[in-house]
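Written out below as structure tokens is the structure these notes cover.
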Amino acid sequence: MNRRGRGNRPPQDRERTRRGRGRMPEDRERVGTAGAPPLLSSRLAPADLPEPVLVRPRLLDRLDQGVAAPVTLVSAPAGWGKTTLLASWARASRAEPPPAWVAVEAGDTAERLWSYLAAALRGVVERRPDDAPRPPVPDTPPRPDQLELLAAALAARERPVLLVLDDLHRVTDPAALTGLEFLLRHAEQRLRLVIGARTALPLALHRWRLAGELTEIGPDELAFTPDEVADLLVAHGVRLPAAALPRLVERTAGWPAGLRFAALALRAQPDPARWVAGFDGDQPDVAGYLREEVLAPLDPDARDVLRRSAVAAAVCADLAGAVTGRADAGQLLAGLARDGGFLRHDGGSPPWYRCHPLLADLLRDELSRLPGDELRELHARAAGWYAGNGRPAEALRHALAGGDWDRATELLIGHWPELAPYSRYLPAGPPSTDPPAEAVRRDPELALACAAERAYAGDAAAAAGHLRRAVAHARALPAPRRDRFHRLATALELTLARLAGDHGEVRRAAARLLATRTAPGPGDDPRAGSAEDADVRAVAGTALGLVELAEGEPRLAADRFAETLAAARQAGRPRTALVGLSRSALLDAVRGDLRMAERGAGEALALPSSQGWSCRVDCGYAYLALALVALHRDDPAEAAANLALAAPAAGEPGVAAVAALCRAELLAESGEPAAALRTLTAAREGLVEAREGSAEGREGAGAPPAGGELTASLLAAEAQLRGAVGDLDTARGLLRDALGPADRDTGAGPSAAESAALGVALARVELRAGDTRAAAHAVPDWSAPEAESWPLPVRLAAGVLDAVLARSGGDDRRAGRLVERVLDLAEPDGYRRVFTRAEPGVRDLLAAHLDSGTAHWPTVSDLVRGADSRRADEPVEHRPGRPERALDEPLTERELTILRYLQSILSNVEIASELSLSVNTVKTHVRNIYRKLDASRRREAVRRARELRLI
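Counting with our numbering, you get residues 338 to 1288 for the letters of the sequence shown.
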């Protein structure tokens, strides 16, 4: 592969596969010296790679950047593309001299390894003349004096030597690398080491990591992105429907070897999509590779723990210990996860571990070959641990898998509110064996338990079949028990309606569930007691709240979740409480109550039920709430980090809309308005589909017509973004259509809160167009009593616009009063973005407000400094306003310090006391400040300094 300056090539060329060979040192024929054993030239050159090889510019660039530091480590288990990446990079490198290459083999002694290192280094440094002395490279492990000579010679070179060591994990003797470590420490960074390895190395990498001189590329970066997967399939001549691509990405988790196996197999498949749907770890090539390259090298104890722990989809140390009976199970899992790739942990405390999907398939296949009694014992242990740790859904799955029918029935009866599938992230594996007919006839609740387990797994068809079977056997139940059975069956009907996305049926089933009442049964029948009404309210209310959130009705959903959270806490249902708490936190953030949102999200993430992979969707709501909080507080890095953690929750249209609003702001801020518009449009279309799908269900349910608060917010954001890029006519059209008169047939029109959000957007568009009169007409009345029901960000934005327009109209006193009222509303929750990322005139408005006096002086001063700091980072041509004239005589550091105090109300005497100076010294500095700023009094000097961005 010849790489002709990757940065200057068009994207389509950068993504092509390698078809040729780049240049490498021509004098590699002589790889031994007289009297020394012969060396293999194949170990001194990058390996020939099977075609086609996908060029991955992001990783090549990462290596180019990494070799600026002494050590670059590409570390991952087998099949993650380490050698492919390093060979592609080495062949394409334009460095002089080109990288030296050594492939390490198993059994290399210190002497053998050094002979190859010597040959590689000698081939590089002797390839062309250099003013620096040629390093004396010994053929055997060097003595200390020889190492010093070699280090000195390398340090004297003009250009560094790049040395690639592939498969360095095969070196088991730390002494073999002693000389190499010495050279890295003492060659003054003229030796740059690029390492490819599977596991931990005998090198003391912590030294370079601590010094910030170690570049690490691991499985997360080596994994193929969806776009790269698509390019790889094209390179292999495979036409896979776009709808099947996510399944392939999910099954392989971007594992390069697995993707190549899949691409090769897909070439011969008449129906690629169907083949991908059934692709798992028992595919012969994949299974063979995993057994030989991943499992075989493991310590037998570690492999046994990994296999037995696979009975659960994800495990923590305590669960692994309970299942395997080994006290060291957690330590073994931590060691396996350290290398990443095939066993990952969630970063929590305690950490939960999860196998790569294809490896999990293989391990489950091995588990299925255990004797039946042994496998049932593993499921029984897992069920007992889950039941004792507040995870009834997982406990139910293992009880059914292990044939423990009594435990399964008791779990359903005692924990049915916790078995609703508010998320389907946890894979439930294949369905368990159906219980015997006699057991179902005796306990129809057992069939309900099977239905609940299948519903939790997302298998609605199987769940409905079990539900029908249960109902058929329940007719002969005594009245009290039959009433309770009816309640449980109705709860399952509600779950199936949610899985089907039928909002109308959700409302009807919730109404039926709320209407259930169970008469008390005989005291000697433990299954005939009545369920708590709190459970019913929690389950029905949560389902209704999720529907309202999906339809873009955050205020209705917020009220609903507040009620269900109280009911769940009353009933002692932590899983249901997590659902209510995390959704309430998000809705608080949408409404603008940042303190409440931050508190609620923190409480949700601190709940024991939020630990592990099974609750990632619920935690995603909390992280999205934190992302909104960070965004409003103008912390884009924190917002982006939390937004990434919120990804599992973005399956619901309403949540996707909130995430899109956040993501679009970040994209626009980073200079990607087109991507931001696509994000907003896709989210708005998803909400429209959700509302249309629910229209039929609202009829006859006594519910209000589907509103569109989130739809209005998305449309407002889209219009503002179009206005920002100059498409003012389209922006006006979108907003005026949305703000038009109510529909004559239905009377439906935008609510007050929706109209406010759209009005703020229209005012911003008109202000950007230079029509202040139209902008003032569009600004909603944010001081009216009904404005208190608006989301706080909308109200603040309207207030800031009102103040900016007042100042532009010459009414500075009114502008100051308006700003103070906005600050009164914004400061308790820490709002900043409404000031820092708003209209261009806001900075000067705030600066003027400092002069006139404010109860929020520290906040306003900080906002002005922040705006000036960002402005200083912008290119001069992008800065608004007139060109700035530099001072003829710059201020000294002391004068700048005193100038900052002049903004305050402190007198010269008080400033002198603050700075431990004499009053006369302060007065002298003040006179110099006035002279340099061409000012005659304090306020004029402060105004001039702000114009020059000195304060």
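By construction, the Cβ of each residue, glycine as well, lies at the ideal position given by its N, Cα and C atoms.
None of these values were measured; they are calculated from a predicted model.
Buried versus exposed, by CB contacts within 10 Å (16 or more), residue i
i, result
"D1139", "buried"
"A1278", "buried"
"L1014", "buried"
"I554", "buried"
"N1257", "exposed"
"G403", "buried"
"I750", "buried"
"L1072", "buried"
"L601", "exposed"
"S1253", "exposed"
"I532", "buried"
"L569", "buried"
"G549", "exposed"
"I1242", "exposed"
Nonlocal neighbours in the same chain, by C-beta distance under 6 Å from residue i, ignoring five residues either side
i, result
"I1248", "Y1238, V1259"
"H506", "A534, R535, T536"
"R588", "F616, P694"
Residue closest to residue i, alpha-carbon to alpha-carbon, out of the options
i, options, result
"V411", "H523, E900, E1006, D557", "D557"
"E703", "D641, P436, D510, S1253", "D641"
"Y793", "R812, P781, T832", "T832"
"F679", "G615, R535, T661", "R535"
"A1056", "T1018, E1164, A1098", "A1098"
"E1091", "A1054, R1110, L673, R1268", "A1054"
"R897", "A877, R494, E518", "A877"
"W612", "V631, L582, A934", "L582"
"L423", "L377, A440, Q907", "A440"
"S430", "A415, L400, E442", "L400"
"G1159", "L707, L1076, P436, G1136", "Here residue 1159 turns out to be Val, not Gly, going by the sequence shown. Answer by Cα proximity: G1136."
"E885", "D972, L514, S921", "S921"
"L695", "A590, G667, A719", "A590"
"R459", "A490, A443, E485, D445", "A490"
"A651", "D608, W722, P473, P593", "W722"
Cβ neighbours of residue i in the same chain (closer than 7 Å, five flanking residues each side left out)
i, result
"A432", "L499"
"P278", "In the structure as shown, the chain starts at 338 and stops at 1288, and residue 278 therefore has no counterpart that could be examined."
"R1268", "none"
"E714", "none"
Where residue i sits in the DSSP three-state scheme
i, result
"D503", "strand"
"I1288", "coil"
"L376", "coil"
"L1065", "helix"
"H1193", "coil"
"L410", "strand"
"H573", "coil"
"Q1119", "It should be pointed out that residue 1119 corresponds to Trp in this sequence rather than to Gln. Coil, per DSSP."
"W438", "strand"
"E495", "coil"
"L551", "strand"
"R681", "strand"
"V648", "coil"
"D1271", "coil"
"P1217", "Note that P1217 has pLDDT 44, beneath the 50 cutoff, so the model's placement of it is unreliable and the number below is only indicative. Coil, per DSSP."
Limits of the alpha helix (DSSP H) - the one that residue i falls within
i, result
"W426", "419 to 429"
"I750", "742 to 752"
"E388", "Where E388 is concerned, there is no enclosing alpha helix (DSSP H), given that its DSSP letter is neither H nor E."
"L982", "973 to 982"
"Y690", "From DSSP, Y690 is part of no alpha helix (DSSP H) but of the beta strand (DSSP E) over 689 to 692."
"H543", "542 to 547"
"T827", "816 to 837"
"E1230", "1230 to 1239"
"V995", "990 to 1006"
"R932", "931 to 943"
"V404", "Unbroken run through V404: none, as it is neither H nor E."
For residue i, the first and last residue of its enclosing beta strand (DSSP E)
i, result
"A534", "528 to 534"
Same chain, Cβ closer than 8 Å to residue i, five either side skipped, listed in chain order
i, result
"R1231", "H1262"
"S1255", "A1249"
is_contact[residue i, chain B] using C-beta, thresh 8 Å
i, result
"P945", "Structure shown: chain B not included; a single protein chain is present."
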